[in-house]
Ligand code: CP
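Residue numbers (our numbering): 193 to 532.
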């Protein structure tokens with residue numbers, strides 16, 4: 193059976209730790225021939241700077257070749273609905289796209305953000321699941337409604353700063369201001385990995401409208417049950433920041449207004465004070481700050497925070513390169529084992 197990399201919850205804790213160990217090793221010794229002669233197709237339905245460049249460069253550093261495609265722009269538009277009468281814009285179906293790329297490539301990466309019209313539809317992650325269903329090679333989630341590669345980079349960064357055992361660390365995931373309603377993927381992922389690693393996790397968001405999908409709140413609770421640590425929700429900024437060892441910031445759209453964003457706008461306009469600033473960071477336990485990037489300075493976090501020694505966002509972005517190389521190696525290893 194093909195093993196994909198769709199969500200970190202699909203990995204055992206031992207597999208997760210092994211990936212992080214291998215990423216740390218690859219960081220020390222970046223060049224190799226582990227993926228000699230291999231190819232990876234990277235499909236971007238949405239823009240990217242870090243994901244695209246780190247995957248392309250990481251593949252090259254291990255001897256592989258990456259092909260980057262933007263369906264609907266430089267490649268044909270793709271239909272995802274089963275049994276669709278394809279009289280719209282899409283020129284081909286994912287069934288053929290995934291199978292053809294499987295003939296050319298050893299791995300397929302997919303970035304497909306929500307359509308931002310109907311959360312009940314988007315939460316099913318249909319594009320990623322369709323590729324996983326029709327592909328004959330492992331599929332990597334490059335960010336859909338979760339961002340598992342970012343999770344690994346975040347985890348590696350925290351391990352570098354605090355050591356491998358993160359239990360007992362106070363972790364704050366805070367909503368932050370942004371003028372637009374953004375994807376919940378990184379927030380879903382931060383909650384997932386922080387609880388998986390047994391930290392004392394707080395989700396700070398302005399009010400219950402900004403709570404994450406029940407699925408990810410349930411995963412957080414499940415992870416606490418298995419890994420220890422804790423998970424709580426607060427809407428009080430000072431309560432959230434006080435004593436935190438790690439502050440991870442992300443902005444996202446309020447799910448009750450998904451697809452009807454004009455309803456959220458007046459509420460969002462009142463929430464600019466959720467910006468991460470030096471006064472809030474001063475409440476922490478000399479805490480680290482990080483963000484997945486891209487980040488609008490002086491909107492999501494101040495210059496003072498971004499330029500502070502405690503900001504590890506660029507370290508985390510670098511670690512994308514190392515963890516993704518470990519993921520590509522592991523998927524090829526599993527695939528070879530399944531074929532043997
Ligand atoms: N964090 C991240 O995924 O960055 P990009 O959107 O630039 O790929």
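The beta carbon of each residue, even a glycine, is placed where N, CA and C say it ideally should be.
Give me the DSSP bridge partner(s) of residue 477.
In the DSSP output, where bridge partners are listed per residue, residue 477 has none listed.
Residues near residue 437 in its chain [Cβ-Cβ closer than 6 Å; skip 5 each side]
361, 362, 477, 479
Could you tell me if the beta carbon of residue 503 falls within a distance shorter than 7 Å of some heavy atom in the ligand CP?
no
Residue of 265, 420, 521, 324 minimising C-alpha distance to residue 294:
324
Look up residue 394 in the DSSP assignment and give the residues it is bridged to.
364, 424
Take residue 500 as the anchor and find which of 271, 270, 470, 260 has the nearest alpha-carbon.
470
Residues that DSSP places opposite residue 539 in a beta bridge:
Absent from the model: residue 539. The displayed extent of the chain is 193 to 532, so no value can be given.
Which of the three DSSP states is assigned to residue 258 in this structure?
strand
Measure the alpha-carbon distance for residue 344 versus residue 308 and round it to whole angstroms.
26 Å
Whole angstroms are fine: how far does the CA of residue 510 sit from the CA of residue 525?
24 Å
Any idea what DSSP makes of residue 239, helix, strand or coil?
coil
Would you list the one or two residues that DSSP bridges to residue 303?
236
Tell me the rounded alpha-carbon separation between residue 442 and residue 207.
27 Å
Excluding the 5 residues flanking residue 496 on each side, which residues of the same chain have their C-beta closer than 8 Å to its C-beta?
469, 470
State yes or no: is the C-beta of residue 302 within less than 8 Å of the C-beta of residue 331?
yes
Look up residue 450 in the DSSP assignment and say whether it is helix, strand or coil.
coil
Which residues end up in the neighbourhood of the ligand CP when you take C-beta atoms closer than 6 Å to any of its heavy atoms?
240, 241, 242, 243, 335, 342, 484, 485, 486
Just the C-alpha distance for residue 430 and residue 396, rounded to the nearest angstrom, thanks.
10 Å
Contacts around residue 213, its chain only, beta-carbon distance under 7 Å, and the 5 residues preceding and following it disregarded
none
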